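S.K.: Got a structure here, written out as structure tokens. Questions coming.
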Amino acid sequence: MTTFLQFLIDVLSLGGAYALMALGLVIVYGILRLVNFAYGELIMVAGYTMYLVSGSGLPWLVMAAIAVLMAILAGIATDYVAFRPVRAKSVTAVLITSFAFATLLQNAALLFISPRPRNVPLPEVFSQTVEIAGVITPARNLITIAAAVILLALFSWLMRRSVLGIAMRAAATNFTMARMLGIPANLIISSAFAISGLLAGVVSLLWIGRIGAVVPGIGLEPLLIAFIATVIGGMRSLQGAVLGGFLLAFIDTTLNFTLPQDLLKFRDAFTFSLVILILLWRPEGLIKGPASGQRT
Amino acid sequence: MLEVEGLRVDYGAIRAVHDVSLTLAEGELVTLLGANGAGKSSTLMCIAGALPASAGAIRLGGQNVTAASPETMVRLGIATVPETRDVFPDLTVSENLQLGAYTRRKDTASVAQDRARLLEMFPVLAERAAQAAGTLSGGEQQMLVIARAMMSRPRFLMLDEPSLGLAPTIVDQIFQMIARLKAEGVTILLVEQNASKALSVADRAYVMRLGRIEAQGTAAEIAAATDLKALYLAG
């Protein structure tokens, strides 16, 4: 029973973080049909913002809010710098500009800050543990679960109830038709990037909370996780991204619990083998998403 | 109200519209006839701002809107119903209608009024308001896209093949509704392959062939010109 509870907490906290990562990637993909390869760098931007404001003496929550805000601004900047100028011209160009923007941000961090890890302020509670029904677990796992629940609920409310959210869902199925109803393309795309930045910012706080430091390449693993989760869940579906995130966390955690110690370092090989099996079974991902939709 | 002059539309190396000029006066219902591939839809999508013009000019009430984006055209009072009958399949009927009123969403009272009026005009949509639009039949989807376009309260409505693939009774209903919109003072450009139906409601007509206007005249003149039938009845 305690093992099960331990397992459940691990799956939910890891899955919550993975789901938020995946959602941040798929919100932009759904509308533009383009993977934003600079997504990982939004996580990095929030991390370095935490490092840069760490000496300010502000309360942690204020610093965290500044970091998330910077990630949102960096998300919107991605649209203006890497996507908007070439969006209408060529898909290949956008792929390259998004890689270039990612490299630019990473190198800026290397050059102006340091290639070495930099410490990031964490609130006391991140290093504490709590005991629930005989299970001892880090408090940040519970914080991650709570953050994921709150953000997923907020996101779902936004997409279902607000005009902007409904317009974004419409634009994700048929961008041209949405524009022919007067929905401004640029507003929709910038909003998608802003939401992507918000999710990246929160993910950054949770992700960096595990290690307490930020390095220029911090965004690579979350980008990879987000990409795999969306591929499993279905690139075109928001629910798919969330499902994919939790499923990937379930696979990872199951392997953590069951693999013998000397095989554990090969965990990723097992994970990816399972991902390949899932994709052989459902090449379009678990949730197929809307039927129509050309690249815009 | 609308003036199109020397319009040319290209898809890469393929020229779909060579040289199209047409005019619509306020309150007029004009139909654009022609066989498949004559360039009717390309002309319409270009006016809507969804396709770029390679040459020529589009003017709306004297203002040059040749390079305007689709969202600008809606704000200027043009609503377009494309041939592909593009409901948003995952959104409910109600949400589809809500997005139709996007440009005047702040004006909640009159939006609600229009919504009630349109649902009265299309009772089947009222019954299915909470249903995903993708589950509607073809005819119901056609009614939804027309109702959705009307939610923007357009001065000018462009309809592309509203009768395509629908059962005759539904086609009759759609044309009754087009006549009703005309009676309400909406200027309408109607692209159709169903020439006799279109000519029965239109004031004037243009006939297109291979990207050019081949003939124009009042609906009665075009309907009487037997030599033209081969051009637009081919589809």
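If you read the protein sequences in the order shown, they are chains A and B. If you count the first sequence from 1, position 171 lands on 171 in our numbering, and the numbers rise without skipping. If you count the second sequence from 1, position 99 lands on 99 in our numbering, and the numbers rise without skipping. For each residue, glycine too, the CB sits at the ideal point set by N, CA and C. Computed from a predicted structure; not experimentally measured.
Do you know how far the Cα of A:PRO138 is from the Cα of B:LEU144?
M.R.: 53 Å
S.K.: Any Cβ of chain A within less than 8 Å of the Cβ of B:LEU99?
M.R.: Chain A, which has a Cβ nearer than 8 Å to the Cβ of B:LEU99, makes this yes.
S.K.: Would you say B:ALA48 lies against chain A (beta-carbon separation less than 8 Å)?
M.R.: yes
S.K.: Tell me the DSSP secondary structure of B:LEU159 in three-state form.
M.R.: strand
S.K.: For the 8 Å Cβ check, are there 3 or more pairs between the region 211 to 224 of chain A and the region 72 to 88 of chain A?
M.R.: no
S.K.: Can you tell me where the alpha helix (DSSP H) with A:ILE9 in it begins and where it stops?
M.R.: 2 to 32
S.K.: What is the residue span of the alpha helix (DSSP H) that B:ASP172 lies within?
M.R.: Unbroken alpha helix (DSSP H) run through B:ASP172: 168 to 183.
S.K.: Under 9 Å Cβ-Cβ, which residues of chain B neighbour A:THR230?
M.R.: Under the 9 Å cutoff, chain B gives no residues; its nearest Cβ is about 18 Å from A:THR230.
S.K.: How about B:ARG155: is its C-beta nearer than 8 Å to some C-beta of chain A?
M.R.: no
S.K.: According to the Cβ coordinates, are B:LEU2 and B:THR43 closer than 8 Å?
M.R.: no
S.K.: Using beta-carbon positions only, say whether B:ALA48 and B:THR72 come within less than 8 Å of one another.
M.R.: no
S.K.: For B:ASP227, which of helix, strand or coil comes out of DSSP?
M.R.: helix
S.K.: Whole angstroms is fine: what's the gap from A:PHE257's alpha carbon to A:LEU263's?
M.R.: Take the alpha-carbon of A:PHE257 and the one of A:LEU263: they are about 12 Å apart.
S.K.: Per the contact definition of three or more C-beta pairs closer than 8 Å, is the region 153 to 160 of chain A in contact with the region 78 to 92 of chain B?
M.R.: no
S.K.: What residue does the beta strand (DSSP E) around A:ILE287 start on, and which one ends it?
M.R.: That residue, A:ILE287, is in no beta strand (DSSP E); it is neither H nor E in DSSP.
S.K.: Taking all protein chains shown into account, do 16 or more other C-beta atoms lie within 10 angstroms of the C-beta of B:ALA220, making it buried, or fewer, making it exposed?
M.R.: exposed
S.K.: Does DSSP put A:THR129 in a helix, in a strand, or in coil?
M.R.: strand
S.K.: When you compare the CB of A:THR137 with every CB in chain B, is at least one pair closer than 8 Å?
M.R.: no
S.K.: Can you look up B:MET208 in the DSSP assignment and give me helix, strand or coil?
M.R.: strand
S.K.: By the three-class DSSP mapping on this structure, what secondary structure does B:THR66 have?
M.R.: coil
S.K.: Whole angstroms are fine: how far does the CA of A:SER127 sit from the CA of A:GLY47?
M.R.: 18 Å
S.K.: Which bits of chain B does A:ALA167 rub up against, with CB to CB less than 7 Å?
M.R.: LEU99 and TYR102
S.K.: Taking a cut of 8 Å between CB atoms, which residues from the region 169 to 197 of chain A lie near chain B?
M.R.: ARG169, ALA170, THR173, ASN174, THR176, MET177, ALA178, ARG179, MET180, LEU181, GLY182, ILE183, PRO184 and ALA185
S.K.: Return the chain-ordered list of same chain residues with a C-beta closer than 8 Å to the C-beta of B:ARG104, the five sequence neighbours on each side being excluded.
M.R.: The beta carbon of B:ARG104 lies closer than 8 Å to those of SER110, VAL111, SER152 and ARG153 in the same chain, with the five residues before and after it left out.
S.K.: So which of A:TYR51, A:VAL45, A:SER54 and A:TRP60 has the shortest CA-CA distance to A:LEU73?
M.R.: A:VAL45
S.K.: Would you mind listing the alpha helix (DSSP H) stretches within the region 109 to 143 of chain B that are 4+ residues and don't spill past its ends, in chain order?
M.R.: 123 to 127
S.K.: Would you call A:GLU41 buried or exposed, if buried means 16 or more other Cβ atoms sit within 10 Å of its Cβ?
M.R.: A:GLU41 should be labelled buried.
S.K.: What whole-angstrom Cβ distance do A:ILE218 and A:ILE43 have, given they're in contact under 8 Å?
M.R.: 6 Å
S.K.: For the region 53 to 70 of chain B, list every residue whose C-beta sits within 8 Å of some C-beta in chain A, in sequence order.
M.R.: SER69 and PRO70
S.K.: Whose CA, out of B:ILE188, B:GLY138 and B:VAL191, lies closest to the CA of B:THR169?
M.R.: B:GLY138
S.K.: Could you tell me which of B:VAL186, B:ILE213, B:MET177 and B:ALA225 sits nearest to B:SER260, measuring between CA atoms?
M.R.: Here chain B comprises residues numbered 1 to 235, so residue 260 of chain B is not present and cannot be evaluated.
S.K.: From this set, A:ARG118, A:VAL231 and A:PHE37, which residue's C-alpha is nearest A:LEU277's C-alpha?
M.R.: It is A:VAL231.
S.K.: How far does the alpha helix (DSSP H) with A:VAL120 in it extend, from its first residue to its last?
M.R.: Careful: A:VAL120 lies outside any alpha helix (DSSP H) and carries neither H nor E.
S.K.: Is A:THR3 buried or exposed, if buried means 16 or more other CB atoms sit within 10 Å of its CB?
M.R.: exposed
S.K.: Taking 8 Å as the threshold (beta carbon to beta carbon), is A:VAL86 in contact with chain B?
M.R.: no
S.K.: Tell me, please, whether the CB atom of A:VAL26 is closer than 8 Å to any CB atom in chain B?
M.R.: no
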